[in-house]
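Protein chains in written order, with UniProt numbering: chain A, 1 to 446; chain B, 1 to 372; chain C, 1 to 333; chain D, 1 to 332.
Virtual Cβ for every residue (Gly too), placed ideally from N, Cα, C.
These figures come from a predicted structure and were not determined experimentally.
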């Protein structure tokens with residue numbers, strides 16, 4: 001292989017055996033301030049005196065995340081938009097300053113490296129971007145783009161860099177004669193290949209791939225994925241592969257981490273995660289994907305509601321506000337059926353999904369006519385009292401207040417009493433597939 | 001199943017006249033939609049599926065123009081040309097006027113759900129106001145009734161607290177909720193046919209699941225027919241009854257959904273299915289389709305897929321295959337536009353396989369070992 | 001619920017569209033060549049610049065002046081051509097001659113003469129030199145100042161950005177013409193001339209350019225290729241020099257072209273009031289000022305300089321419009 | 001609800017800018033090489049004693065910052081100093097001259113808005129039609145022609161040649177008809193219009209042309225919006241689409257432009273008042289500059305900048321009122 005350049009011998013990644021930890025992330029947090037500037041965080045509020053508010057609202061994009069990436073593997077990181085997966089990828093590379101936590105890469109803590117040390121280190125850690133349009137400088141030639149990282153790290157001389165750039169073009173499946181072309185002359189898939197070549201130019205050990213194929217058509221996606229796999233083998237690369245598409249993740253990953261609202265909720269071997277998911281969110285995700293086979297069971301949108309704001313995420317388990325398996329609060333006696341009914345009723349009241357109806361109708365609609373026994377039953381009755389049409393006053397304003405009251409009553413008595421709300425979950429489970437540890441952040445496994 | 005289809009499209013051609021030349025975005029497609037079914041229009045970007053769907057309502061924007069073919073909806077001619085006395089093409093007398101299209105067809109007979117929920121709603125009007133306007137226009141309801149209906153519809157599509165949210169503006173809704181509003185708009189006009197143009201593409205997978213669920217449920221309830229435009233084979237398998245696969249402006253395969261996936265007749269469909277990673281099982285190696293889709297401005301000769309086709313032979317360069325029935329299933333034809341099927345009888349078997357020069361620009365080195 | 005998350009500030013544009021707009025100089029040039037508006041703008045600007053160049057050459061190389069072709073009847077007939085600001089000696093020329101197509105006009109003064117007997121055509125031609133050079137010089141000054149302020153604000157951000165932007169807002173709040181007049185008059189100690197006007201206009205336009213440069217820098221900074229360069233370990237200095245500046249400068253140059261027209265307009269107004277170019281400089285605005293007193297007796301004097309200003313500015317506007325169209329994919333699809 | 005709060009917020013925000021303007025004008029006025037007194041008395045024979053006396057009278061012998069603070073203290077109380085040449089308080093002078101300028105600027109704006117918006121909309125609707133081309137050419141002339149020259153040409157044609165309209169001065173509608181010897185309010189109004197027409201058009205043309213171009217571009221863009229596609233797909237009549245769906249979105253940037261263009265209009269007023277001999281603020285400014293009456297110059301600059309700032313705030317508020325997406329500057 002001609003690409004093993006003079007630098008190849010210095011590749012310190014070889015100190016670490018395949019399968020040993022290359023990157024170790026511990027307690028990583030990334031909070032964003034809402035806005036920046038001279039008077040950021042100072043807001044005008046005439047409802048108080050003095051009418052100025054200095055409270056700072058912070059978006060908790062990544063909140064206390066720990067995991068390791070092993071040399072030579074592909075760790076898939078999957079989650080829906082806004083879950084913080086891209087932020088996590090960028091924070092690991094320290095393109096964003098971490099708020100807290102450590103990022104151990106081959107014995108160095110990337111989180112504390114100083115400017116120049118970090119810059120030097122960047123030849124070993126690289127990134128591939130999602131958008132093939134904006135990730136290449138339109139004013140540069142492809143050759144210059146690929147050579148830029150080498151130049152930044154004083155690798156080779158001009159001729160050597162050009163030679164290497166051309167070799168890399170060939171490696172990623174492009175014509176070396178395109179060395180002098182501008183990016184706009186390439187299609188989306190080809191640009192992603194240029195991206196790959198640029199990342200590979202400095203012989204990195206670790207590459208964060210941020211949705212590298214999601215902007216591409218299916219048939220092109222496969223071409224790029226195959227190339228990425230081939231290069232990984234050839235160069236001994238370690239990937240952190242960020243994607244929202246579970247099919248792509250399943251194809252390319254060795255292990256998979258699932259993110260929800262700034263937390264990793266489940267992390268396991270690929271086969272284990274897809275065949276034996278242990279977190280209700282992972283289950284919901286998997287059930288939602290449409291399978292390209294009409295004979296397979298129908299995909300179902302099992303999740304209610306929407307992702308809460310990361311400014312003020314729910315306590316305990318962040319998924320609890322939408323979880324179909326929210327655990328019943330311990331202080332009451334429940335039958336499974338009555339708890340399910342109560343939970344459904346509580347969420348319906350919270351989101352106001354049903355039309356106002358009478359006391360009787362409510363009991364039948366949500367509880368099959370019989371309320372839960374004991375104290376919970378009394379609370380439910382109180383709530384029904386508040387919202388039933390035959391009890392409520394006519395005033396619209398009044399009704400709004402009563403709904404709010406009922407909602408608070410139900411949430412306070414039930415949802416916020418659940419272990420899901422009071423404790424942060426973190427459990428290790430015996431895997432069914434493979435031997436790797438299976439982490440699931442769900443109290444069902446307590 | 002009624003014998004007369006709800007919508008019949010025959011040899012529809014839509015072209016864009018640009019400085020660089022004529023783009024044949026839709027080039028002679030034919031398909032039918034029957035009462036109560038969901039018909040898929042699937043293809044990669046650039047296949048012409050969105051243009052095709054907009055042509056149905058005669059909503060192609062300049063410099064695009066429908067230049068040929070016939071669209072019939074319940075016996076009415078939405079588009080049709082005939083030859084005039086001097087041999088020039090002119091619009092047929094029975095073709096609906098623009099005014100008739102607007103008042104009688106758009107909205108109240110055929111409604112549309114657009115792809116991008118973030119851009120589609122007007123940012124300066126309330127969600128409820130927009131919904132009410134369409135209901136008033138298409139349902140002969142007074143303002144007050146329309147408002148009631150609008151709120152009812154918002155509740156129907158699962159928008160919590162619809163009375164409150166009626167007064168809110170689009171930016172106060174999340175993407176999934178806006179998509180629900182768009183669905184509510186379509187259903188509220190009580191159309192017989194809904195054209196859904198990639199309605200779930202911009203959404204997260206769990207939200208997509210919710211929306212597909214909702215459509216399924218509502219379709220059962222209202223018995224509306226759908227033309228479902230998408231690039232996602234998963235969604236197709238999930239929701240469609242029959243499927244049309246488009247490639248470069250043409251429909252190259254049409255079949256009931258099960259046949260399409262399990263008895264694939266066109267090499268492009270086959271290749272597309274093989275190139276996809278699967279969520280339900282681990283695939284060892286993907287088999288990508290070589291090359292990229294050519295520009296619709298200068299399509300390849302013969303079969304348009306032949307430069308990328310693993311089964312291409314010499315004859316494919318010369319003969320342009322029409323979509324022909326190659327099998328039958330459930331009383332529906334299974335059509336494919338590929339000369340390798342016997343019905344074409346153009347000498348495929350005797351023809352020599354094409355020795356394709358490797359496409360340096362896009363094929364991957366590892367792609368050499370695919371192709372049966 | 002996503003309330004409050006997706007709230008948009010005023011006038012924000014979708015970012016992807018801008019990405020498309022930046023597809024290299026070559027593409028832009030090609031589009032300009034195809035754009036009729038831009039082409040016509042170029043013709044007009046070219047014409048005006050040619051006239052300017054002609055007169056510029058005058059002082060150094062007498063070969064290329066009108067004077068050198070003195071055997072040519074027209075040139076011979078123009079008595080004061082070489083020095084448009086020189087007053088003819090008494091009796092040398094007639095004052096307030098009408099243009100040649102007028103019954104009393106003569107070919108020797110195609111546009112007539114001014115109250116001092118100077119040939120008006122010559123003065124108009126020389127006026128191009130003054131207007132265009134002042135327009136370009138002042139715009140350039142504003143561009144340089146604005147780029148410095150805007151780039152610093154955009155790059156450093158934080159409180160530096162805040163302070164600079166507040167200062168910019170303040171300058172921006174005083175209408176340019178007022179600001180320039182106050183500046184030129186006070187700084188020149190009561191005797192304004194065209195040099196002070198150039199500096200004044202330059203300062204008044206700093207806010208405009210600073211805002212554009214700043215927003216360009218901010219949007220380029222958000223591009224993935226900047227992050228890619230950072231991820232590759234490229235030094236900050238090189239990122240600014242090799243990526244940010246080349247990519248944010250193009251739209252600003254387009255804007256500067258349009259701004260030259262505005263500058264000429266303002267300088268003309270300034271000279272018209274008597275606070276810009278001073279007599280006997282053959283400046284169009286100054287000529288309008290002089291002719292204002294003869295509005296009733298010699299109508300022509302007020303017409304020609306205005307037409308000259310209009311055509312020149314139109315050239316820059318046409319070209320700027322064409323450039324904008326060429327760079328804007330939304331209008332140009 | 002939030003609108004009132006937003007208004008307050010915007011006005012509070014404007015205070016630093018206004019302070020900045022006062023500092024800037026003060027610095028500008030004191031940039032003069034040599035002492036201001038010499039400048040003020042330029043062309044007059046003055047003895048050193050006289051200079052000293054004047055300096056003491058105006059406090060010019062004290063350090064710059066003290067003088068600024070004095071000036072500021074006066075400003076807060078509505079005292080903008082004293083005009084040396086006219087021997088009257090600056091505030092009085094400005095108050096007596098602000099009316100015609102406001103009348104001129106506002107009527108020019110009205111003229112610009114009334115003509116540009118419909119023309120821009122039609123041009124956008126009939127894109128690349130002859131109508132569009134003609135209106136674009138007209139707009140091009142409008143943005144390329146100096147307003148004062150348009151004024152001169154209007155005078156030459158309508159006053160000098162045709163004699164239809166007066167060429168100088170204004171009739172103030174707020175004065176009683178008798179002042180002018182008008183027979184009644186109707187004649188008074190007609191006369192006001194006759195005097196106002198030419199300067200209004202001269203000042204308004206640039207605004208009209210600018211707004212028309214922006215309106216056209218915005219409407220074209222808005223008509224390409226997805227929401228227009230949606231409305232069409234639901235059978236909304238083209239006229240409703242144009243006037244409601246597309247226009248409501250397109251007018252948002254126009255509002256901002258209207259506010260910012262006030263800067264050109266106020267500057268242009270100086271020129272137009274000069275051409276038409278209108279005794280407004282602009283004319284006063286011109287005279288003050290000629291006389292180097294520096295207290296008066298500072299006062300007028302302050303007032304004009306303040307008018308601009310207030311104009312921008314008003315348009316901002318209008319924008320916030322119309323665009324539901326604007327947060328009223330408070331954190332949610």
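**Request:** Compare the C-beta of residue 106 of chain B with all C-beta atoms of chain D and state if any pair is closer than 8 Å.
**Result:** Your numbering for residue 106 of chain B matches position 106 in the second chain. Chain D has a Cβ within less than 8 Å of the Cβ of residue 106 of chain B.
**Message:** For the structure I just gave you, are there three or more beta carbon pairs, one from the region 209-216 of chain C and one from the region 149-159 of chain C, closer than 8 Å?
**Reply:** Enough Cβ pairs lie closer than 8 Å, so yes.
**Message:** Let me check one thing: in DSSP terms, what residues is residue 21 of chain A bridge-paired to?
**Reply:** Residue numbering aside, residue 21 of chain A sits at position 21 when the first chain is read from its first letter. Bridge partners of residue 21 of chain A: A/70.
**Message:** According to DSSP, is residue 300 of chain A part of a helix, a strand, or is it coil?
**Reply:** Walking along the first chain from the start, residue 300 of chain A turns up at place 300. DSSP places residue 300 of chain A in the coil class of the three-state scheme, outside both helix and strand.
**Prompt:** Taking DSSP as the reference, what is the three-state secondary structure of residue 333 of chain B?
**Reply:** In the second chain, counting from the first residue as 1, residue 333 of chain B sits at position 333. For residue 333 of chain B, the secondary structure class from DSSP, reduced to helix, strand or coil, is strand.
**Message:** Is it buried or exposed, residue 277 of chain D, if we count other Cβ atoms within 10 angstroms and call 16 or more buried?
**Reply:** Here residue 277 of chain D refers to the residue found at position 277 when the fourth chain is read from its first residue. So residue 277 of chain D ends up on the exposed side.
**Request:** Mind the definition here: the region 278-294 of chain B touches the region 239-254 of chain A only if three or more C-beta pairs lie below 8 Å; say whether that holds.
**Result:** By the Cβ criterion, the region 278-294 of chain B is in contact with the region 239-254 of chain A, since at least three pairs of Cβ atoms, one from each stretch, lie closer than 8 Å.
**Request:** Using a Cβ cut-off of 7 Å, pull out every chain C residue sitting near residue 153 of chain A, in sequence order please.
**Result:** What you label residue 153 of chain A is simply residue 153 of the first chain in a count that begins at 1. Going along chain C in sequence order, the residues near residue 153 of chain A (Cβ under 7 Å) are 233.
**Prompt:** Taking the C-alpha atoms as reference points, what is the distance between residue 136 of chain D and residue 62 of chain B?
**Reply:** Within the fourth chain, residue 136 of chain D is the residue found at index 136, counting from 1. Within the second chain, residue 62 of chain B is the residue found at index 62, counting from 1. Between residue 136 of chain D and residue 62 of chain B, the C-alpha separation is close to 21 Å.
**Prompt:** With which residues is residue 73 of chain B paired in a DSSP beta bridge?
**Reply:** One-based indexing of the second chain puts residue 73 of chain B at position 73. Looking at the DSSP assignment, residue 73 of chain B forms a beta bridge with B/7 and B/76.
**Nearest neighbour of residue 302 of chain C, chosen from C/312, C/311, C/290 and C/313 [CA to CA]** = Position 302 of the third chain, counting from 1, holds the residue named residue 302 of chain C. Taking only the C-alpha atoms, the option nearest residue 302 of chain C is C/290.
**Request:** Classify residue 114 of chain B as buried or exposed, calling it buried when 16 or more other Cβ atoms lie within 10 Å of its own Cβ.
**Result:** For the purposes of this step, residue 114 of chain B is taken as the residue at position 114 of the second chain. Looking at its Cβ environment, which holds 16 or more other Cβ atoms inside 10 Å, residue 114 of chain B is buried.
**Request:** Kindly list the residues whose CB is nearer than 6 Å to the CB of residue 81 of chain D, restricted to its own chain and excluding five residues on each side of it in sequence; keep chain order.
**Result:** Walking along the fourth chain from the start, residue 81 of chain D turns up at place 81. Excluding positions up to five away in sequence, the list reads 90 and 295.
**Request:** Taking the CB atoms as reference points, tell me whether residue 37 of chain B and residue 73 of chain B lie closer together than 8 Å.
**Result:** Position 37 of the second chain, counted from the start, is the residue given in the question as residue 37 of chain B. Position 73 of the second chain, counted from the start, is the residue given in the question as residue 73 of chain B. Judged by their CB atoms, residue 37 of chain B and residue 73 of chain B are not nearer to each other than the 8 Å cut-off.
**Request:** Report back the beta-carbon spacing between residue 48 of chain C and residue 142 of chain C to the nearest angstrom; my notes put them in contact at under 8 Å.
**Result:** Walking along the third chain from the start, residue 48 of chain C turns up at place 48. Walking along the third chain from the start, residue 142 of chain C turns up at place 142. Your pair residue 48 of chain C and residue 142 of chain C does not check out as a contact, with CB atoms roughly 20 Å apart and the cut at 8 Å.
**Pair within 8 Å by beta-carbon distance, residue 245 of chain D and residue 231 of chain D** = In the fourth chain, residue 245 of chain D corresponds to position 245, counting from 1. In the fourth chain, residue 231 of chain D corresponds to position 231, counting from 1. Yes, these two residues count as a Cβ contact at 8 Å.
**Asked** How is residue 275 of chain D classed by DSSP in three states: helix, strand or coil?
**Response** As a working mapping, residue 275 of chain D is identified with position 275 in the fourth chain. Correct three-state label for residue 275 of chain D: helix.
**Asked** Roughly how many angstroms lie between the CA atoms of residue 75 of chain C and residue 178 of chain A, to the nearest whole one?
**Response** As a first step, residue 75 of chain C must be located in the third chain, where it is residue number 75. As a first step, residue 178 of chain A must be located in the first chain, where it is residue number 178. Its pLDDT being 41, under 50, residue 75 of chain C is placed unreliably in this model, and the value from its coordinates should be taken loosely. Rounded to the nearest angstrom, the two C-alpha atoms are 58 Å apart.
**Asked** Can you tell me the Cα-Cα spacing of residue 406 of chain A and residue 355 of chain A, whole angstroms?
**Response** Here residue 406 of chain A is taken as the residue at index 406 of the first chain, counted from 1. Here residue 355 of chain A is taken as the residue at index 355 of the first chain, counted from 1. Between residue 406 of chain A and residue 355 of chain A, the C-alpha separation is close to 15 Å.
**Straight-line Cα distance separating residue 259 of chain A from residue 286 of chain A** = By 1-based counting over the first chain, the position of residue 286 of chain A is 286. By 1-based counting over the first chain, the position of residue 259 of chain A is 259. Between residue 286 of chain A and residue 259 of chain A, the C-alpha separation is close to 13 Å.
**Prompt:** When the Cα atoms are used, what is the spatial distance from residue 121 of chain A to residue 109 of chain A?
**Reply:** In the first chain, counting from the first residue as 1, residue 121 of chain A sits at position 121. In the first chain, counting from the first residue as 1, residue 109 of chain A sits at position 109. Taking the straight line joining both Cα atoms gives about 11 Å.
**Item:** Contacting residues, own chain, Cβ-Cβ under 7 Å from residue 108 of chain D (five flanking each side not counted)
**Value:** The residue labelled residue 108 of chain D in the question sits at position 108 within the fourth chain. Scanning its chain for C-beta atoms nearer than 7 Å, with the 5 sequence neighbours on each side dropped, one finds around residue 108 of chain D the residues 200, 203, 204, 207 and 265, in chain order.
**Coil, strand or helix - residue 324 of chain D by DSSP** = Taking the first residue of the fourth chain as position 1, residue 324 of chain D is located at position 324. Here residue 324 of chain D carries a coil assignment [DSSP, helix/strand/coil].
**Prompt:** Hey, is residue 34 of chain C's beta-carbon within less than 8 Å of any beta-carbon in chain A?
**Reply:** On the third chain, position 34 is the one that residue 34 of chain C refers to. No, residue 34 of chain C does not count as interfacial toward chain A.
**Backbone CA spacing between residue 23 of chain C and residue 138 of chain A [nearest angstrom]** = On the third chain, residue 23 of chain C is found 23 positions in, with the first residue counted as 1. On the first chain, residue 138 of chain A is found 138 positions in, with the first residue counted as 1. Because residue 23 of chain C sits at a pLDDT of 47, beneath the cut-off of 50, its placement in the model cannot be relied upon, and the following sentence gives the value as read from the coordinates. In this structure, the straight-line span from the alpha carbon of residue 23 of chain C to that of residue 138 of chain A is close to 5 Å.
**Request:** Return helix, strand or coil for residue 99 of chain D, following the three-state DSSP convention.
**Result:** To locate residue 99 of chain D, count along the fourth chain from 1; it is residue 99. Reduced to three states, the DSSP call for residue 99 of chain D is helix.
**Prompt:** Who are the neighbours of residue 17 of chain D on chain C, taking C-beta pairs under 8 Å?
**Reply:** Counting from one through the fourth chain, the residue named residue 17 of chain D turns up at place 17. Going along chain C in sequence order, the residues near residue 17 of chain D (Cβ under 8 Å) are 166, 169, 170 and 173.
**Prompt:** So residue 215 of chain C is in the alpha helix (DSSP H); what residue range does that whole segment cover?
**Reply:** Start at 1 with the first residue of the third chain, and residue 215 of chain C comes out as number 215. Per DSSP, the unbroken alpha helix (DSSP H) holding residue 215 of chain C starts and ends at 194-221.
**Prompt:** Of all Cβ atoms in chain D, is any one closer than 8 Å to the Cβ of residue 313 of chain C?
**Reply:** Counting from 1 along the third chain, the entry for residue 313 of chain C is found at position 313. Yes - at least one Cβ of chain D is within 8 Å of the one on residue 313 of chain C.
**Asked** What residues are listed by DSSP as bridge partners for residue 184 of chain D?
**Response** Walking along the fourth chain from the start, residue 184 of chain D turns up at place 184. The partner list for residue 184 of chain D (beta bridge, DSSP) is empty, contrary to what the question assumes.
**Prompt:** Beta-carbon of residue 167 of chain B versus every beta-carbon of chain A: anything under 8 Å?
**Reply:** The residue given as residue 167 of chain B occupies position 167 in the second chain. With its beta carbon at least 8 Å from every one in chain A, residue 167 of chain B lies outside the interface.
**Message:** Which residue wins for smallest C-alpha separation from residue 282 of chain D, given the options C/125, C/179, C/296 and C/252?
**Reply:** In the fourth chain, residue 282 of chain D corresponds to position 282, counting from 1. Comparing Cα-Cα distances from residue 282 of chain D to each of C/125, C/179, C/296 and C/252, the minimum goes to C/179.
**Prompt:** If we cut at 8 Å on Cβ distances, does residue 235 of chain D have a partner in chain C?
**Reply:** Position 235 of the fourth chain, counting from 1, holds the residue named residue 235 of chain D. Not an interface residue.
**Message:** Pop quiz: residue 33 of chain B and residue 227 of chain B are said to be a contact at Cβ under 8 Å. What is the actual Cβ separation, rounded to whole angstroms?
**Reply:** Against the second chain, residue 33 of chain B aligns to sequence position 33. Against the second chain, residue 227 of chain B aligns to sequence position 227. Yes, they are in contact, since the Cβ atoms of residue 33 of chain B and residue 227 of chain B sit about 6 Å apart, within 8 Å.
**Prompt:** Of the choices A/382, A/430, A/401 and A/435, whose alpha-carbon is the least far from that of residue 413 of chain A?
**Reply:** On the first chain, position 413 is the one that residue 413 of chain A refers to. For residue 413 of chain A, the nearest C-alpha among the options comes from A/382.
**Request:** Using alpha carbons as the reference points, say which of A/97, A/17, A/103 and A/96 lies closest to residue 23 of chain A.
**Result:** The residue labelled residue 23 of chain A in the question sits at position 23 within the first chain. Of A/97, A/17, A/103 and A/96, the residue nearest in Cα terms is A/103.
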